[in-house]
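**Q** So the protein sequences, as listed, match chains A and B.
Be aware that the first sequence starts at 1, since it is given in the working numbering, and climbs by one per residue.
Be aware that the second sequence starts at 1001, since it is given in the working numbering, and climbs by one per residue.
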Amino acid sequence: MGFQKISVVANMIQLLFLIGFFLLPPAFASTSGNADGYSINGRVKIPGFGTKGLGLPGKISNVKVILNGGQIVSFLGPDGYFSFHNVLAGTHLIEVSAMGYFFSPVRVDVSARHPGKVQAALTENRRGLNELVLEPLSEEQYFEMREPFSVMSLVKSPMGMMIGFMVFAMVLMPKLMENIDPEEMKRAQEEMRSQGVPSLSSLLPGAGAAAAARS
Amino acid sequence: MAIRVFVVLFILLSSSYTISSLYEDQVGLMDWHQQYIGKVKHAVFHTQKAGRKRVVVSTEENVVASLDLRRGEIYWRHVLGAGDVIDQIDIALGKYVITLSSAGSTLRAWNLPDGQMAWESSLSGSKPSNSFLLVPGKSEKDTVIIAYGNGCLHAISSVDGELLWKKELDEGIEIQQLVQPFGSELIYAVGYIGSSQFAAYQINADTGDLLKYESEASPGGFSGEIVLVSGETFVAFDATQTHLVSVKIRNGKISFQQTHISNIVDNLSGKATLLQSKLAGIFGVNVGTYTTFVKVTDEGQFVVLSKTSHAAALSDVLPISDGHFAFSIIQLDGDKIQQTVKDVEDWGNDFLIERIDMTEKRGLVHKVFLNNYIKTDRSYGFRALVVMEDHSLLLLQQGEIVWTREDGLASIIDVTTSELPIEKQGVSVAKVEQTLFEWLKGHLLKVKGTLMLATPDEVAEIQKIRLQSSGKSKMTRDHNGFRKLLIVLSKSGKIFALHTGDGRIVWSQLLRSLQKSEGCEFPVGLNLYHWQVPHHHALDENPSVLVVGRCGSKLDNPGVLSVVDVYTGNEVNPWGHVHSISQVVPLPFTDSTEQRLHLLIDTHGNAHLYPTNTEALEIFQREFTNVYWYSVEADTGIIKGHTLKSTCTLEVEDKYCFSSRDLWSIVFPSESEKIIATVTRKPNEVVHTQAKVMAEQELMYKYISKNLVFVATVTPKASGEIGSATPDESQLVVYLIDTVTGRILNRMVHHGSQGPVHAVFSENWVVYHYFNLRAHRYEMSVIEIYDQSRADNKDVLKLIVGKHNLTSPVSSYSRPEILTKSQSYFFAHTVKVVAVTSTAKGITSRHLLIGTVGDQVLALDKRFVDPRRTANPTQAEREEGLVPLTDSLPIIPQSYVTHGLKVEGLRGIVTIPTKLESTSLVFTYGVDLFFTRIAPSKTYDSLTEDFSYALLLITIFVLLVAIFVTWYLSEKKELEEKWR
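(1) Just the C-alpha distance for B:L1332 and B:V1766, rounded to the nearest angstrom, thanks.
(2) Using the DSSP secondary-structure output, state which residues sit across from B:W1076 in a beta bridge.
(3) With distances taken Cα to Cα, identify the nearest neighbour of B:I1843 among B:S1255, B:L1395, B:D1941.
(4) Whose CA, out of B:D1346, B:W1403, B:H1042, lies closest to the CA of B:A1065?
(5) According to DSSP, what are the bridge partners of B:D1414?
(6) Determine, using beta carbons only, whether A:Q189 comes closer than 8 Å to chain B.
(7) Within the 8 Å Cβ cut-off, does B:D1084 reach chain A?
(8) Please report how far the alpha carbon of A:K64 lies from the alpha carbon of B:M1117, in whole angstroms.
(9) Hey, out of B:I1261, B:A1497, B:D1390, whose CA is closest to B:E1419's CA?
(10) Among residues of its own chain, excluding the 5 on either side of B:G1161, which ones have a beta-carbon nearer than 6 Å to its beta-carbon?
(11) Per the contact definition of three or more C-beta pairs closer than 8 Å, is the stretch 1656-1664 of chain B in contact with the stretch 1594-1613 of chain B?
(12) Could you check whether the stretch 1723-1738 of chain B touches the stretch 77-97 of chain A, counting it as contact only if at least three pairs of C-beta atoms, one from each stretch, sit closer than 8 Å?
(13) Jot down the residue ranges of each uninterrupted beta strand (DSSP E) in the stretch 1579-1629 of chain B, minimum 3 residues, whole runs only, in chain order.
(14) Find out if the Cβ-Cβ distance for the pair B:Q1176, B:N1130 is shorter than 8 Å.
(15) How many angstroms separate the CA atom of B:P1586 from the CA atom of A:G80?
(16) Roughly how many whole angstroms lie between the Cα atoms of B:S1646 and B:D1556?
(17) B:T1680 and B:F1761 look like a contact to me (Cβ under 8 Å); what is the Cβ gap, rounded to whole Å?
(18) Pick helix, strand or coil for B:T1647, following the three-state DSSP scheme.
(19) Find the residues of chain A that neighbour B:E1120, judging by a C-beta separation of less than 8 Å, and give them in chain order.
(20) Identify which residue in B:L1663, B:K1212, B:S1195, B:F1923 has its Cα closest to the Cα of B:A1189.
(21) Could you pull the DSSP bridge partners for A:F82 from this structure?
(22) Residues of the stretch 1944-1971 of chain B in Cβ contact with chain A at a cutoff of 7 Å, in chain order, please.
(23) Name the residues in the stretch 1826-1860 of chain B whose C-beta lies less than 9 Å from a C-beta of chain A; which are they?
(24) With 9 Å as the C-beta to C-beta threshold (strictly closer), list the residues of the stretch 150-171 of chain A near chain B in chain order.
(25) Locate the alpha helix (DSSP H) running through A:I163, then write down its first and last residues.
(26) Classify B:W1967 as buried or exposed, calling it buried when 16 or more other Cβ atoms lie within 10 Å of its own Cβ.
(27) Please report the straight-line C-alpha distance between B:D1266 and B:G1559, rounded to a whole angstrom.
(28) Restricting to Cα atoms, I'd like to know which of B:T1291, B:N1286, B:F1256 is closest to B:G1300.
(29) Listing by chain order, which chain B residues have their CB less than 8 Å from the CB of A:H114?
(30) Please list the partners that B:G1081 has in chain A, where partner means a Cβ-to-Cβ separation under 7 Å.
(31) Strictly below 7 Å CB to CB, what residues from chain B border A:G80?
(32) Quick check on DSSP: helix, strand or coil for B:I1956?
(33) Since B:L1708 meets chain A, which of its residues come closer than 8 Å, beta carbon to beta carbon?
(34) Looking at the unbroken alpha helix (DSSP H) that takes in A:K175, where does it start and where does it end?
(35) Does DSSP put B:M1694 in a helix, in a strand, or in coil?
(36) Can we say the stretch 1910-1921 of chain B touches the stretch 1811-1826 of chain B, given the rule of at least three CB pairs closer than 8 Å?
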């Protein structure tokens, strides 16, 4: 069954995680604890946002950081900083919603035993993070790029192919016919006729007309 | 031959990974997007400075937005999280919008021009409480914001959000009001201790020092909210709700005065509510049909000032220059809005009385926000922002409605669709008129456009004309079935009809039966059902929808039923208030006028038949024994199957009422399983083929039953948020249950997984989305169900001999031999809602429509969630179109149907089939609305929008020329040959 397979994979991922965490440098502390819970502080960094964002005003202000699929929704400060307050100890999921960019969800462990310790790892590629700085995995292009006009695209279209074939039949076919020796042609035609195979002339109207004219 | 070509083409098209992608310049051709904000709770004007005049609002949909005061358009907008309810908003320093949310625990400042968050601060406290926000003064010197929340008073610097001081108020006090009189440095916090003690704190706003504390017991006690009358006067009801109590704080002394309510209101019927006009020295008593205004004198005496003939709304007090203060009273008189702006000092002095015509029914006035400006002749002008009962927002200025926003559309409850009328002379909902002059102008513009003489404005105009002439906004049915009416029920009890072509509102109607009335305090709309869909013999009838509602939120409250004509919006046959409604079962039968039979189940288990006519009863009696339904009790974890028994035994005879009996029940163990999701197939879904052809000429029969329900249960401990349970203590169990027999067809356990579960059931498969705690990623699983009992039928020999069971009836009672196949895949995003495309005949392959946490809608080909995907598919499987196995589902940016847009606050996705088999309409709603049409296997049955007719014409022309040229050449050559 597929499920067993997947669960084996999942176990392996788990194992990888554990190994990863042992190998990783000690977790960064970015929390301040109190009775209600802890705070998670981080930063969203989008390369080239300042220059690119100029064309679309207010783009950075529309970025949201989401904890546990909507439990808390946070917004970015001027430099991309965000924080979640009153988060209980445990394992959480942080997602970043930004138009035009794909962010991997981040697994965040808030330690209860060492208050103030947060460990984070990207879930898409299982990479541990030394500090909670989230960067997009890829840019998202929502539209097909319209290819600039080219002769090839015109030729490739059904109509282009029609015209192409026609030109071929009109210009090249007679040229091909000319290259054949008329004697040989006649012989071949007679051979075909005797065999009862439909002749070339009946297949090609142009050649047929030429042959008829010759005979 | 044509069919074969079609099939070959179809296979060719469907074997490539189709993604319904768009070019950027195609945006808006077949989709539309509308942005809303929801019902406004608070509004703050920003008009002092020159430049853009704007109003900042917060709404019940947790939206904070800045609107253009001239046109009502959105400058910027933020939708906060679902639990992040906005308590108060204000403007500080003239450049920040301050929002207090999450019951007073989050304070944020947004940049006024662009909506960028400037700072955020978290306010902690010891206990939950009311929350208040004070932004003293609007000048740039005052930098202190006072916020009360969680039992603590906080002073925050408005420059950077730093906490200046924090003061915890006494444990027992329940703060009801936070006041800062104009120009004062003192803050008063008043509230109750217990039910009879009134307490007041006086605090220095700069230092947080407690200056005074007073408390005094009132003989009559208190109930409900305290209304703020002036800086030191408050009014509330006493504990018995029969007396009004005024509280006066003077020189540190608290004194009470009370009067019986009958002294103020003549003949009280129903409940009276108090209207607050902050610091006007007066307050209003609203008793449903009219409002009385009362002044509180310095001694605390009540003086009745005047009485309006209609229910009114009051604005807060607005300081206008030279020490004058004004406030506004708005009342609705028939189809006119009457606005009165009064002077606080002098009741008889009206600054302004205006009566404004309002053609559309919008219900009562709920809120008023007043703002003033100085006219060119140096006199005062007033503008008022009015929130109506249907959640719409109006701006009144100089005796007219400047703009209107239909923000009821931000809170859609249910959606259904209807066909438009057939094109016929005289039958059209609204005429689309085009005069000769406009026609001429349009053609001139087009000529200009082709000659490259048009300015950018004119190009836009040409684009608009092109959209119009494409006929997508016509009010009649089209050949492809793209034009329809979307019938939308909103939370306010208003029903809208939107045109699918351009999204405009064709009509809207505030339903009388869903308005507040005696015996029905809080009516809520629940669902829409197709009531009458005329085709064939009843074509002259207009189609109609059934609106089901309920008085109040409890299940055993009386129900509300109404039938609404889809073309006009009129309520045709409102039954009004009926028995309680726990479930509505649309039956697959219609009477001679094409009214669909519906069975409404009440909380006692009785079934009521609608429509109530003898013909319907006759039809129903024939099918009496074939009616089954099931009910899910999520709290107790029981699923029950029901059938009909006999007619009801009630005191009043009712031949349309039937009693029911339980057929079966499934009880889930409450300590280990909690029902979190149940999903069934759409009743109107069409399945084209019963069988699926596999590689190597294998045949599998789909198990297609309308009576299947998918149920997901989770360990009670893991029913909360992610992170609340460890993988070891949570598991997700999914069931497939036959709802006629109660037989569990399939059960599967996902260890270490938890909800929320979002599922979609279509044809013979279920796809569901859940969270895998071990991998800490979201997963999507698919279950496909195949019928094994019919597997023998693929033997041709047996078929010829006649030993097959193809003709045997399919019944839920026969024990099915089913085979399930399933597989799981990782999916990156949190999902809000899942739907599936639906087409007219079910031939086109299906796409899953996934509403992600980023409020986008992703179209995912069903073939990616196929349980038969393997890592190395064989050649035959590859030819069949099986995708090699990957551990996670691909997210292709081009396949977002919402492309570069967001549907903020996404809540639902509705798919509607068109007459064109390849195409499906998609309507997505939340705070925003988005509509588009998608073709999951590309438009194989019609030419695409960007098909180049010009190229086709050129080709034909070139071919014709070529024919003549060759003809001429061959003639010439023939002649030459003959001469030779």
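No residue lacks a Cβ here, since even glycine has one placed at the ideal position from N, Cα and C.
The structure presented is a predicted model; accordingly, all values stated were derived computationally and were not measured.
**A** Once the coordinates are examined:
(1) Cα to Cα, B:L1332 sits roughly 52 Å from B:V1766.
(2) BP columns for B:W1076 point to B:S1066.
(3) Of the candidates B:S1255, B:L1395, B:D1941, the one whose C-alpha sits nearest the C-alpha of B:I1843 is B:D1941.
(4) The option with the nearest alpha carbon to B:A1065 is B:H1042.
(5) B:D1414 is bridged to B:L1489.
(6) Taking 8 Å as the threshold, the shortest C-beta distance from A:Q189 to chain B does not fall below it.
(7) For B:D1084, the nearest CB of chain A lies under 8 Å from its own CB, placing it at the interface with that chain.
(8) When rounded, the distance between both Cα atoms is 11 Å.
(9) Distance from the Cα of B:E1419 is smallest, within the candidate group B:I1261, B:A1497, B:D1390, for B:A1497.
(10) Excluding sequence positions up to five before and after B:G1161, its CB lies within less than 6 Å of the CB of W1119, S1121, all in the same chain and listed in chain order.
(11) The answer is yes - the stretch 1656-1664 of chain B touches the stretch 1594-1613 of chain B, with three or more Cβ pairs under 8 Å.
(12) Note that the stretch 1723-1738 of chain B touches the stretch 77-97 of chain A; at least 3 beta-carbon pairs, one per stretch, sit closer than 8 Å.
(13) List check, beta strand (DSSP E) in window: 1583-1590, 1596-1601, 1607-1610.
(14) Going by C-beta atoms, B:Q1176 is nearer than 8 Å to B:N1130.
(15) Between B:P1586 and A:G80, the alpha-carbon positions lie close to 52 Å from each other.
(16) Rounded to whole angstroms, B:S1646 to B:D1556 spans 22 Å at the Cα level.
(17) Rounded, the Cβ-Cβ distance is 6 Å, consistent with contact.
(18) Strand.
(19) In chain order: S74, F75, G77, S83.
(20) Answer by Cα proximity: B:K1212.
(21) Partner(s): A:G42.
(22) Cβ contacts with chain A come from L1951, L1952, T1955, V1958, L1959, A1962, T1966, S1970.
(23) Hits within the stretch, in order: F1826, A1828, H1829, T1830, V1831, K1832, T1852, V1853, G1854, D1855, Q1856.
(24) Residues are counted here when their Cβ sits less than 9 Å from a Cβ of chain B; for the stretch 150-171 of chain A these are L154, S157, P158, M159, G160, M162, I163, M166, V167, A169, M170, given in chain order.
(25) Membership of A:I163 in the alpha helix (DSSP H) is indicated by the continuous run 158-167.
(26) Only exposed fits B:W1967, as fewer than 16 other CB atoms lie within 10 angstroms of its CB.
(27) B:D1266 and B:G1559: Cα-Cα distance of roughly 33 Å.
(28) Checked all of B:T1291, B:N1286, B:F1256; the closest Cα to B:G1300 is B:F1256.
(29) Taking a Cβ-Cβ cut-off of 8 Å, A:H114 has no neighbours in chain B, whose nearest Cβ is about 17 Å from it.
(30) By Cβ distance, chain A contributes G70, I72, V73.
(31) In chain B, no part has a C-beta under 7 Å from the C-beta of A:G80; the shortest such distance is about 11 Å.
(32) In the structure shown, the three-state DSSP call for B:I1956 is helix.
(33) By Cβ distance, chain A contributes nothing, its closest Cβ being about 20 Å from B:L1708, past 8 Å.
(34) Its alpha helix (DSSP H) spans residues 173-179.
(35) In the structure shown, B:M1694 sits in coil (DSSP, three-state: anything other than H, G, I, E or B).
(36) Segment contact: the stretch 1910-1921 of chain B against the stretch 1811-1826 of chain B, fewer than three CB-CB distances shorter than 8 Å; contact not assigned.
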